[in-house]
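Only one structure is covered here, and it is reproduced in the block below.
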Amino acid sequence: MTATNDTAPPKLIVRGIPTEHAQALRRGGPDAHGQPPIAAVARGAGNPCRHCLQLIADGDTKLVLAYRPFGVPQPYAETGPVFLHQTACARYDADALPAWFAHLTPALVRGYDANDWIVYETGRVVAGTELAEACHAILARDDVAYVHIRSRFNCFQCRVERG
Ligand SMILES: [Zn+2]
């Protein structure tokens with residue numbers, strides 16, 4: 000027997016930030032506050048790169064910068080700190096969340112509408128192991144265009160869309 004569409008697990012679209020933007024930042028291009036990224040040594044296991052969506056190894060150099068995960072400034076376009084690998088890495092582009100997100104606990108998750116405004120009823124704080132289920136539940140709403148996952152510090156992790 001082969002799986003049918005009725006039994007196949009639902010897919011998500013999960014991508015890191017655009018490669019062109021990551022490369023511009025690595026060349027010292029301006030962050031969301033118009034400043035060059037700051038190079039620092041990554042310590043511990045809490046330094047996710049927003050391009051490859053993997054953890055930057057302890058001792059490696061990371062770039063610290065302000066990122067606005069929205070195309071244009073508007074009231075809901077939150078801007079905050081993120082990390083990037085200093086050297087080139089492969090953009091994450093998959094139909095599921097990175098496995099290590101299970102340890103992103105607690106995580107913040109919320110939906111945005113087609114105008115990039117928060118859909119307030121969707122905001123949740125969940126365990127990392129519940130993130131995929133939470134994304135599917137929020138994306139089931141007609142008024143939600145996409146979901147953002149953030150750390151407990153409110154740092155943007157990634158955008159999630161319907162697969
Ligand atoms: Zn990376």
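Numbering (numbering that gives the first Met the number 0), first residue to last: 0 to 162.
Positions of the beta carbon are idealized from the N, C-alpha and C atoms, including for glycine.
Sequence-distant residues of the same chain with beta carbon closer than 7 Å to residue i, five excluded per side
i: A126; result: T104 and P105
i: R90; result: R14, G15, T18, H50 and C51
Rounded straight-line distance, which links the Cα of residue j to that of residue i
i: V143; j: P74; result: 17 Å
i: A76; j: R158; result: 13 Å
i: Q53; j: P47; result: 6 Å
i: G27; j: A38; result: 10 Å
i: V71; j: G122; result: 22 Å
Simplified DSSP assignment, three categories, for residue i
i: G127; result: helix
i: E132; result: helix
i: Q22; result: helix
i: H50; result: coil
i: L64; result: strand
Min CB distance residue i to chain D below 8 Å
i: G70; result: In the structure shown, chain D does not exist; there is a single protein chain.
Whole-angstrom C-beta distance between residue j and residue i, which should lie under 8 Å
i: D94; j: G162; result: 5 Å
i: C134; j: L11; result: 6 Å
Same chain, Cβ closer than 8 Å to residue i, five either side skipped, listed in chain order
i: Y111; result: Y75, I117, V118, V143, A144, Y145, V146 and H147
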